[in-house]
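Residue numbers (this note's numbering): 7 to 190.
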């Protein structure tokens with residue numbers, strides 16, 4: 007009697023096909039790709055560290071293109087405001103006295119979240135991301151809801167030097183150095 011395939015088999019095959027495609031596209035990045043897939047399956051946060059030009063952003067974008075689902079990507083700066091990540095307040099509802107965020111197409115609705123140059127963000131953004139990273143919950147005003155995020159990837163060209171960034175950095179269980187490909 008042949009063994010039955012588990013219900014998850016089509017998903018496993020799709021993820022393997024995605025990994026094969028990425029490995030064929032990005033030479034010398036097999037370990038990073040494997041960790042991206044593992045973090046996706048395990049719903050863990052992944053931090054990519056490496057100098058410019060090491061395919062950090064390109065890898066995450068290519069993964070997002072191959073997956074079905076909502077993706078949110080943002081390049082953070084010290085001037086980034088919460089509304090740029092979480093969505094603007096609904097002005098009509100604000101006039102009625104309700105603090106409601108319009109999250110359509112924003113981080114709270116994404117399955118894959120990519121925050122590039124994460125460590126450049128200001129303290130207001132970094133603090134608002136702590137709950138997102140740790141509990142996968144969006145909180146703003148009285149609004150609190152679980153996030154559908156399967157994978158959150160942060161990237162940076164440098165390690166955090168400021169002690170204040172340590173709490174955020176600790177939320178990334180998997181941290182990967184993404185270096186240049188060897189010339190051989």
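By construction, the Cβ of each residue, glycine as well, lies at the ideal position given by its N, Cα and C atoms. Since the structure is predicted, the reported quantities are computational estimates derived from the model, not experimental observations.
Residues that residue 78 bridges to, as DSSP identifies them: 119
Sub-8 Å separation of residue 145 and residue 155 beta-carbons: no
Bridge partner(s) assigned by DSSP for residue 150: 145
Residues of its chain near residue 81, where Cβ-Cβ distance is below 7 Å and the 5 sequence neighbours each way are ignored: 122 and 123
Beta-carbon proximity of residue 65 to residue 35, cut-off 8 Å: yes
CB contact flag (residue 140, residue 86, <8 Å): no
Limits of the beta strand (DSSP E) - the one that residue 163 falls within: Residue 163 -> no beta strand (DSSP E), and no H or E assigned at all.
Where residue 42 falls: helix, strand or coil (DSSP): helix
Under the three-state DSSP convention, the category residue 51 falls into: strand
Residues bridged to residue 95 [DSSP beta-bridge criterion]: 107
Assigned exposure category for residue 109 - 16 Cβ within 10 Å defines buried: buried
Between the CA atoms of residue 118 and residue 70 - distance to the nearest angstrom: 7 Å
Own chain residues within Cβ distance below 6 Å of residue 79, not counting five before or after: 120
Residue 18 Cβ short of 7 Å to the ligand SAM heavy atom set: Inclusion of the ligand SAM in the displayed structure is not the case, the ligand content being empty and no account of it being possible.
Three-state secondary structure assigned by DSSP to residue 180: strand
Member of 175, 168, 138 and 97 whose CA lies at the smallest distance from the CA of residue 157: 138
The alpha helix (DSSP H) enclosing residue 102, as first and last residue numbers: Premise fails: residue 102 is in no alpha helix (DSSP H) and is neither H nor E.
Three-state class that DSSP yields for residue 169 in the structure shown: helix
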